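In order, the protein sequence lines correspond to chains C and H.
Letter 114 of the first sequence, counting from 1, is numbered 114 in UniProt numbering, and no numbers are missing.
Letter 69 of the second sequence, counting from 1, is numbered 69 in UniProt numbering, and no numbers are missing.
2 protein chains.
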Amino acid sequence: MDPDAVSKAFVEHYYSTFDTSRANLGTLYQDASMLTFEGQKFQGAQNIVAKLASLPFEQCKHNISTVDCQPSGPAGGMLVFVSGNLQLAGEQHALKFSQMFHLMPTPQGSFYVFNDIFRLNYA
Amino acid sequence: MDPDAVSKAFVEHYYSTFDTSRANLGTLYQDASMLTFEGQKFQGAQNIVAKLASLPFEQCKHNISTVDCQPSGPAGGMLVFVSGNLQLAGEQHALKFSQMFHLMPTPQGSFYVFNDIFRLNYA
Chain C
1 MDPDAVSKAF
11 VEHYYSTFDT
21 SRANLGTLYQ
31 DASMLTFEGQ
41 KFQGAQNIVA
51 KLASLPFEQC
61 KHNISTVDCQ
71 PSGPAGGMLV
81 FVSGNLQLAG
91 EQHALKFSQM
101 FHLMPTPQGS
111 FYVFNDIFRL
121 NYA
Chain H
1 MDPDAVSKAF
11 VEHYYSTFDT
21 SRANLGTLYQ
31 DASMLTFEGQ
41 KFQGAQNIVA
51 KLASLPFEQC
61 KHNISTVDCQ
71 PSGPAGGMLV
81 FVSGNLQLAG
91 EQHALKFSQM
101 FHLMPTPQGS
111 FYVFNDIFRL
121 NYA
């Protein structure tokens, strides 16, 4: 497994799903998963997806600037650190954001998101 | 242990040490520690501190905007996600940055930095 390839594939899958049908992101989270979104904390796939689905915009497009990854320890997890910008439909200026994911392996050989922290980078 | 209090204390200690004597940051890392700095990868306390010490500025001041933290799993680690700006001596404009740390517990009841990822957020 090439960690850089896995993290790049994850990032592409995550944001393309977010930008087309974010209610489908639930399969990437589990009951123990955590999201901190602009300082607000949520736990569990259901609560996390409810938060993402409730964001006050319909259409958006994430453009990724950088993706960094590191193994997180003996449990086989992987840290993925993303920067980019978020274009909302009807808004002139894109919003810059940073986000980190901690991916943990599943018994099926895939990964799920255990930790997710998102912040807009205000100018 | 209150994770928010620990992460806040860590962040204050880390950046005040960075801004006054960054060669002393080595005690916060161990041999297995990883740093990804603007996409460049370093491993081990010695290599990490050598990189930080070699950065092409003498004086700087980190101003922290946000600190988010989450437990990283059963090993007792903690993820700390920071945003802020970095003022370099003699530069008019501060640089925005995001940084994440994965803190792991030591047998002595303290924490060391296992993962460290730093990115400037260019406008």
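Backbone N, C-alpha and C fix where the C-beta goes; we use that ideal spot for every residue, glycine too.
All values derive from a computational prediction rather than experimental measurement.
{"query": "Using a Cβ-Cβ cut-off of 7 Å (strictly less than) and excluding sequence neighbours within five positions of R22 (chain C), which residues of its own chain qualify?", "result": "L52 and A53"}
{"query": "Here's the rule I'm using: 16 or more other beta-carbon atoms within 10 Å means buried, otherwise exposed. How should D116 (chain H) be labelled?", "result": "buried"}
{"query": "Using the Cα positions of F114 (chain C) and L120 (chain H), report the straight-line distance between them to the nearest angstrom.", "result": "25 Å"}
{"query": "I'd like the list of long-range same chain contacts for Q70 (chain H), defined as Cβ closer than 6 Å, with 5 residues on each side in sequence excluded.", "result": "L79"}
{"query": "Would a check of beta-carbon distances place L55 (chain C) closer than 8 Å to chain H?", "result": "no"}
{"query": "Please confirm whether S33 (chain C) and Q43 (chain C) have their CB atoms less than 8 Å apart.", "result": "yes"}
{"query": "Near L25 (chain H), what residues of its chain come up, given a Cβ to Cβ distance below 8 Å and the 5 sequence neighbours on each side ignored?", "result": "Y14, T17, F18, I48, V49 and L52"}
{"query": "Would you verify that the beta carbon of A76 (chain H) is, or is not, closer than 8 Å to some beta carbon of chain C?", "result": "A small correction: the amino acid at residue 76 (chain H) is Gly; Ala does not occupy that position in the sequence shown. Output row for G76 (chain H): interface = no."}
{"query": "Between K51 (chain C) and chain H, is there a C-beta pair that is closer than 8 Å?", "result": "no"}
{"query": "Residues of chain C with CB under 9 Å from Q36 (chain H), in chain order?", "result": "Reading the sequence as shown, one finds Thr at residue 36 (chain H) and not Gln. Under the 9 Å cutoff, chain C gives D68, C69, Q70 and F81."}
{"query": "For C60 (chain H), which residues from the same chain have a beta carbon less than 8 Å from its beta carbon, with the 5 sequence-adjacent residues on both sides left out?", "result": "F18, D19, L86, Q87, L88 and A89"}
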